[in-house]
Amino acid sequence: ETGVTQTPRHLVMGMTNKKSLKCEQHLGHNAMYWYKQSAKKPLELMFVYSLEERVENNSVPSRFSPECPNSSHLFLHLHTLQPEDSALYLCASSPREGGELFFGEGSRLTVL
Amino acid sequence: SQQGEEDPQALSIQEGENATMNCSYKTSINNLQWYRQNSGRGLVHLILIRSNEREKHSGRLRVTLDTSKKSSSLLITASRAADTASYFCATAGGTSYGKLTFGQGTILTVHP
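Chains as they are written, first to last, in the numbering used here: chain A, 1 to 112; chain B, 1001 to 1112.
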């Protein structure tokens, strides 16, 4: 148990659906991240939020839309996804710049 | 090419043996971190070594860092079947907000 909770753990959606992934941390961390993990590829950083402000958007397609309403919650809104977006989406938080990341268990997304 | 490349890609050993994994990177770093991931789960932080450190220990883990060769190694001593997992190195460079760049990982299998 790392203190970072992701829901849902598994999600299957069609290409026309709209869904959201949720991440919650109660570690008092100031930064939160979304990573994408696809088979046979390194983890890809998607978004970084620091003190609820988005500080990095790593050339992610607009069909992925992050939201950080407060320092404890992070969402990833999904719309009109493609089958190649199927992956494990990992949320993480960190207490300080360059420090260790605390990951959630991930949300396994399958796009049909 | 990516920062943080692990070698070997896969390692299979018997319980009780030592496991050594290597990581190479290309640009200057502030620190290098090792993470572990059980199949389909989130990543768990193992150890962080700063650029001015050469060696660090944590339980059965020993990490070395050679900044002149831009490489690091993770040694797991007296391995156990429960150590079976993927191991990733990640580098933190000069960018802000703790952006980590991950390698593709080493899959370690420890046979009982």
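For each residue, glycine too, the CB sits at the ideal point set by N, CA and C.
Within chain A, partners of residue i - CB distance below 9 angstroms
{"i": "B:ALA1092", "result": "GLU97, GLY98, GLY99"}
Contacts that residue i makes with chain A (C-beta to C-beta distance below 7 angstroms)
{"i": "B:LEU1032", "result": "Residues of chain A passing the Cβ test: none, with the nearest at roughly 11 angstroms."}
Any C-beta of chain A under 7 angstroms from that of residue i
{"i": "B:HIS1045", "result": "yes"}
{"i": "B:SER1001", "result": "Reliability fails at B:SER1001, whose pLDDT of 35 lies under 50, so the model's placement of it is uncertain and the value that follows must be treated cautiously. Cβ-Cβ to chain A under 7 angstroms: no for B:SER1001."}
{"i": "B:GLY1059", "result": "no"}
{"i": "B:GLN1009", "result": "no"}
{"i": "B:LEU1074", "result": "no"}
{"i": "B:LEU1108", "result": "no"}
{"i": "B:LEU1065", "result": "no"}
{"i": "B:ASN1018", "result": "no"}
Below-7 angstroms beta-carbon distance, residue i vs any chain B residue
{"i": "A:GLY156", "result": "Residue 156 of chain A cannot be examined here, being either before or after the span of chain A that is shown, 1 to 112."}
{"i": "A:LEU90", "result": "yes"}
{"i": "A:PRO8", "result": "no"}
Proximal chain A residues relative to residue i, where beta-carbon distance stays under 8 angstroms
{"i": "B:ARG1041", "result": "GLU105, GLY106"}
{"i": "B:GLY1103", "result": "PRO42"}
Buried or exposed (CB count within 10 angstroms, at least 16 for buried), residue i
{"i": "A:THR7", "result": "exposed"}
{"i": "B:ALA1010", "result": "exposed"}
{"i": "A:ARG54", "result": "exposed"}
{"i": "A:ARG9", "result": "exposed"}
{"i": "A:ALA39", "result": "exposed"}
{"i": "A:GLU105", "result": "buried"}
{"i": "A:HIS29", "result": "buried"}
{"i": "A:THR110", "result": "exposed"}
{"i": "A:SER107", "result": "buried"}
{"i": "B:GLN1014", "result": "exposed"}
{"i": "B:ARG1080", "result": "exposed"}
Contact set between residue i and chain B, taken where Cβ atoms lie within less than 8 angstroms
{"i": "A:PHE102", "result": "HIS1045"}
Cross-chain neighbours of residue i in chain B, by beta carbon under 7 angstroms
{"i": "A:LEU45", "result": "LYS1099"}
Considering only residues of the region 36 to 73 of chain A, which uninterrupted alpha helix (DSSP H) runs meet the minimum length of 4 residues and lie entirely inside it, listed in chain order? none
Within the region 1054 to 1105 of chain B, ranges of the alpha helix (DSSP H) (whole runs, at least 4 residues): none
Segments assigned beta strand (DSSP E), at least 3 residues, entirely inside the region 1013 to 1059 of chain B: 1019 to 1024, 1031 to 1037, 1043 to 1050, 1055 to 1058
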